[in-house]
Each structure stands twice: as structure tokens, then as C-alpha cells.
Amino acid sequence: MKFNEEVANGLQSNLPIVALESTVIAHGLPYPRNLETAKNLEKIVRENSAIPATIAVFDGEFCVGLNDKQIEQLATDRT
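So for the sequence shown, the numbering used here puts the first residue at -13; every next one is plus one.
Here it is in C-alpha cells:
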């Protein structure tokens, strides 16, 4: 399991972390609505003093907290 820096720091500081599933990004909504939705969800979580942790599997590794590039890859990759 791999945590991004923001999530790892939040865990160490005992901050609230909100898990966000990635299926809606990859399969649920059409592009670009899926990307906009993912970014808006993370923004709402941050506005409420928590850390967003979108979860997905990349290269066989379970990732907790995605960067912008990973979220965009999920939103645009239709393979």
C-alpha cells in the first residue's frame, strides 16, 4: 500500500482523512465530467478541513491519495 505525501503527513498528524473511491472517475462518468467531479470532491473535502484520499490501483500497487496526473490518467484512459 502506497500513501501520497499529503495523506502520509495527515496520518502522522492525526488529521481527518476522507477516502474517495475512483470507480466514478474511471468508469462512472464521461470525460471531462469525471475529472471535474473528482477535482470538486477533493476541493470540498479540503474546504471542510480534511484530507482527500482518492484510492486506486496503479501498476499493481494500492494507492491511497492520488496526484493530479494519476487522477487525469484515470479520467482519460478508456482501456
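Glycine residues also receive a C-beta, built at the ideal position from the N, C-alpha and C atoms.
_L27 (DSSP reduced to helix, strand or coil)_ = In the three-state reduction of the DSSP assignment, L27 falls in the helix class, which pools H, G and I.
*With burial defined as no fewer than 16 other Cβ atoms inside 10 Å of the residue's Cβ, what is the status of A5: buried or exposed?*
So A5 ends up on the exposed side.
*Can you tell me where the alpha helix (DSSP H) with A(-6) in it begins and where it stops?*
-9 to -2 is the extent of the alpha helix (DSSP H) around A(-6).
_Quick check: the Cα distance between D63 and A12, rounded to an integer number of angstroms?_
If I take the Cα positions, the gap works out to 7 Å.
*Host beta strand (DSSP E) of I41 (start-end)*: It spans 37 to 44 - the beta strand (DSSP E) in which I41 sits, taken as one unbroken run.
*How big is the Cα-Cα spacing for N(-10) and A42?*
Distance between the alpha carbons of N(-10) and A42 is about 12 Å.
*Identify the continuous alpha helix (DSSP H) that holds I57 and give its terminal residues.*
Segment 54 to 62, the alpha helix (DSSP H) holding I57.
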